[in-house]
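Positions 61 to 244 (the working numbering) are the ones given, in order, by the sequence shown.
For glycine and all other residues, C-beta sits at the position ideal for the given N, C-alpha and C.
None of the values given here were measured: they were computed from a predicted structure.
The structure under discussion appears below in the form of structure tokens.
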Amino acid sequence: MVKPFYVKKVLLMGGESTGKSTLTINLANRFATNYIDEAGRDISERSGTDLMMLSADFTEILLQHKLNEIKAIENSNKVLFVDTDALVTQFYMNFLNDPEIEKNKALSDAIDAINTYDLVLFLEPDVPFVQDGDRSEVIRDDRLKYSNQIKELILSHGKQVVSIKGSYQERYMAAVREVEKLLK
């Protein structure tokens, strides 16, 4: 363990069904450290579906995810892997027709402003879409378009990303190489 200040943070981002969650877990196992899973998944399941989510659900997602990150970094081994962030959550808020959502966009921007990541891996939508029962059919039907919108949002907030493509094995190996470079 190292002091939280010295822990490197690696963020995995991308659209639905690009392998973020699995890759996050696999990288944490490979580097014997912690990871933060996507807070939105549990909260969405509690709502029944993304279509039933309210603005208050997104507030909880944003705050819970940041709190989980703060707690996990305290016990991480040199690196912490983070599945998704406030900007990806902001992208999905755009599908919600709720006037209160503007408050959450402001919250998302504020959280993004204090988030710092040493490496951002963007998972491209070039693996098969896997329906887990909670994924959007709208997004599935035009994955590249929505993936590019997420990437544009990320880049508009000044983030540098490393694009991760290929089979699941190729993605894993590319991500491991990037993390090893970071830790040298």
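Query, Result
"Simplified DSSP assignment, three categories, for M42", "Any question about residue 42 goes unanswered here, given that the chain covers just 61 to 244."
"Inter-residue Cα distance where the pair is H125 and T119", "10 angstroms"
"Outcome for A88 when other beta-carbon atoms lying within 10 angstroms are tallied against a minimum of 16", "buried"
"Those residues which DSSP pairs with N137 across a bridge", "V139"
"Burial state of A173, where buried means 16 or more other Cβ atoms lie within 10 Å", "exposed"
"Counted within 10 angstroms of its Cβ, other Cβ atoms place Q229 as buried (16 or more) or exposed", "exposed"
"Residues of its chain near A234, where Cβ-Cβ distance is below 6 angstroms and the 5 sequence neighbours each way are ignored", "I224"
"Supposed close pair V139, K68 - CB separation, criterion 8 angstroms", "5 angstroms"
"Rounded straight-line distance, which links the Cα of M73 to that of I214", "9 angstroms"
"Local conformation of L156 per DSSP, three classes", "coil"
"Boundaries of the beta strand (DSSP E) in which V70 is found, first to last residue", "68 to 74"
"Segment contact, 8 angstroms Cβ cut-off, at least three pairs: the stretch 100 to 107 with the stretch 162 to 181", "no"
"Own chain partners of V148 with C-beta closer than 7 angstroms, once the 5 adjacent residues on each side are dropped", "M73, I210"
"Reference I133, options F182, Y95, E238, T84, closest by Cα", "Y95"
"Beta carbon of L181 nearer than 8 angstroms to that of V70", "yes"
"Three-state class that DSSP yields for S77 in the structure shown", "coil"
"Extent of the continuous beta strand (DSSP E) to which S223 belongs", "222 to 224"
"Where V180 falls: helix, strand or coil (DSSP)", "strand"
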